[in-house]
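Going by the numbering used here, the first residue of the sequence shown is number 9, and it counts up by one from there.
By construction, the Cβ of each residue, glycine as well, lies at the ideal position given by its N, Cα and C atoms.
Below you'll find the structure, written out as structure tokens, and then a few comments.
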Amino acid sequence: MSRSYCINCQYPQSACICHAVKPITTATDIIIMQHPSEVGHAKNTVRLLKLALPQTQIYVGETAADFAELQGYLAAQTRPVLIVYPNEHSKAASEVEADNKAIIVLIDGTWRKAYRMLQLNPWLLNYPSLHLECEDESQYVIRKAKRSDSLSTLEAAVYTLENLEPDADVAPIFAVFHAMVHHKLSAMPTAVRQRYNSDKFTW
9 MSRSYCINCQ YPQSACICHA VKPITTATDI IIMQHPSEVG HAKNTVRLLK
59 LALPQTQIYV GETAADFAEL QGYLAAQTRP VLIVYPNEHS KAASEVEADN
109 KAIIVLIDGT WRKAYRMLQL NPWLLNYPSL HLECEDESQY VIRKAKRSDS
159 LSTLEAAVYT LENLEPDADV APIFAVFHAM VHHKLSAMPT AVRQRYNSDK
209 FTW
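Structure follows, in structure tokens:
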């Protein structure tokens, strides 16, 4: 028997999060380079980001050929373009002068897949890169990560946005994120939920 999905948020009707969606706009533009394996993932936070911030642009692919359109788009921009990815040359987002005219680009995938995408897209090195220094742990407790400093793509986007556009109200983005995480945790048996460190999540 097929599941019924909400036509707005695209989640199953039983997991609909439309009640938490209050779309916002920002001066900063966010672009997501999404690995194909993430598109249909049930815990994909890029879908949530798009719901809360409809101007978010999503490009799906892995190789430079897949992102030819994006390359052309960014090359034609006069606005600053910043890649959110930690490396030996990246600057902390908190140390960058606030600039709400910027375009930030994030890679959506596991660490291994994101690194491979970076290697397959050397043109990204033409742009300055940023990294985040977050003291708090990720609230993305429903998806396991091998690295303690891992953030969901939504969290990375919002924390970068907070640095570049301090006056932006990002609460509606987190509201959608928390609604999805809360539902996923609530649907788990207690014993299973405890394995996901749900005590770290703000209920």
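Per the DSSP calculation, Tyr67 is bridged to which residue(s)? Counting from one through the sequence shown, the residue named residue 67 turns up at place 59. Paired residue(s): Met41.
Range of the contiguous beta strand (DSSP E) that encloses Leu90: The residue labelled residue 90 in the question sits at position 82 within the sequence shown. The continuous beta strand (DSSP E) containing Leu90 extends over residues 89-92.
Assuming Pro88 contacts Ile111 under a Cβ cut-off of 8 Å, what Cβ separation, rounded to an integer in Å, is found between them? Taking the sequence shown and counting its residues from 1, one reaches residue 88 at position 80. Taking the sequence shown and counting its residues from 1, one reaches residue 111 at position 103. Rounded, the Cβ-Cβ distance is 7 Å, consistent with contact.
Starting from the Cα of Ala106, find the closest Cα among Tyr167, Tyr19, Ala28 and give me that residue. Numbered from 1 along the sequence shown, position 98 holds the residue referred to as residue 106. Nearest C-alpha to Ala106: Tyr167.
For Val56, which residues in the same chain have their Cβ closer than 7 Å to its Cβ, ignoring the five residues on either side in sequence? Residue 56 sits at position 48 when you count from the first residue of the sequence shown. According to the sequence provided, residue 56 is Leu. The question's Val does not apply to it. Closer than 7 Å at Cβ, skipping near neighbours: Leu162, Val184, Phe185, Met188.
If distances are taken between C-alpha atoms only, which option among Ala165, Ala179, Gln127 comes closest to Ala72? Looking up residue 72 in the sequence shown gives position 64. Measuring from the Cα of Ala72, the nearest candidate turns out to be Gln127.
Give me, in chain order, the residues of the same chain whose beta-carbon lies closer than 8 Å to that of Arg155; leave out the 5 immediate sequence neighbours on both sides. One-based indexing of the sequence shown puts residue 155 at position 147. Reliability fails at Arg155, whose pLDDT of 49 lies under 50, so the model's placement of it is uncertain and no value is given.
Span separating the alpha-carbon of Leu59 from that of His97: Along the sequence shown, one-based indexing puts residue 59 at 51. Along the sequence shown, one-based indexing puts residue 97 at 89. Leu59 and His97: Cα-Cα distance of roughly 32 Å.
What residue does the beta strand (DSSP E) around Val113 start on, and which one ends it? One-based indexing of the sequence shown puts residue 113 at position 105. It spans 111-116 - the beta strand (DSSP E) in which Val113 sits, taken as one unbroken run.
Inter-residue Cα distance where the pair is Val68 and Leu140: Position 60 of the sequence shown, counted from the start, is the residue given in the question as residue 68. Position 132 of the sequence shown, counted from the start, is the residue given in the question as residue 140. Roughly 24 Å between the two C-alpha positions.
Inter-residue Cα distance where the pair is Gly80 and Ala100: Counted from its first residue, the sequence shown places residue 80 at position 72. Counted from its first residue, the sequence shown places residue 100 at position 92. When rounded, the separation of the alpha-carbon atoms in Gly80 and Ala100 is 27 Å.
On the three-state DSSP scale, how would you describe His7? Residue 7 lies beyond the range of the chain shown here (9 to 211); nothing can be said about it.
Less than 8 Å between the C-beta atoms of Glu70 and Met125, yes or no? Within the sequence shown, numbered from 1, the residue matching residue 70 stands at position 62. Within the sequence shown, numbered from 1, the residue matching residue 125 stands at position 117. Against a cut-off of 8 Å, the Cβ pair of Met125 and Glu70 comes out as a contact.
Residues bridged to Ser160 by DSSP? By 1-based counting over the sequence shown, the position of residue 160 is 152. Partner(s): none; Ser160 has no beta bridge.
So, Leu61 versus Ile32, is the Cβ gap smaller than 8 Å? Taking the sequence shown and counting its residues from 1, one reaches residue 61 at position 53. Taking the sequence shown and counting its residues from 1, one reaches residue 32 at position 24. Closer than 8 Å, so yes.
Distance, Cα to Cα, Trp131 vs Pro180? Position 123 of the sequence shown holds residue 131. Position 172 of the sequence shown holds residue 180. In a straight line, the C-alpha of Trp131 is about 33 Å away from that of Pro180.
As a quick exercise: from Arg11, Asn16, Ser102, Val113, pick the residue whose alpha carbon is nearest that of Lys30. Within the sequence shown, residue 30 is the residue found at index 22, counting from 1. Comparing Cα-Cα distances from Lys30 to each of Arg11, Asn16, Ser102, Val113, the minimum goes to Asn16.
Return helix, strand or coil for Ala179, following the three-state DSSP convention. In the sequence shown, residue 179 corresponds to position 171, counting from 1. Three-state DSSP puts Ala179 in a helix.
Consult DSSP for Tyr148 and reduce its assignment to one of helix, strand or coil. Residue numbering aside, residue 148 sits at position 140 when the sequence shown is read from its first letter. Here the model assigns Tyr148 a pLDDT of 42, short of 50, so the residue's position is not dependable and the matter cannot be decided.
Opposite Ser137 in the DSSP bridges: which residues? Position 129 of the sequence shown, counting from 1, holds the residue named residue 137. Answer is Ile91.
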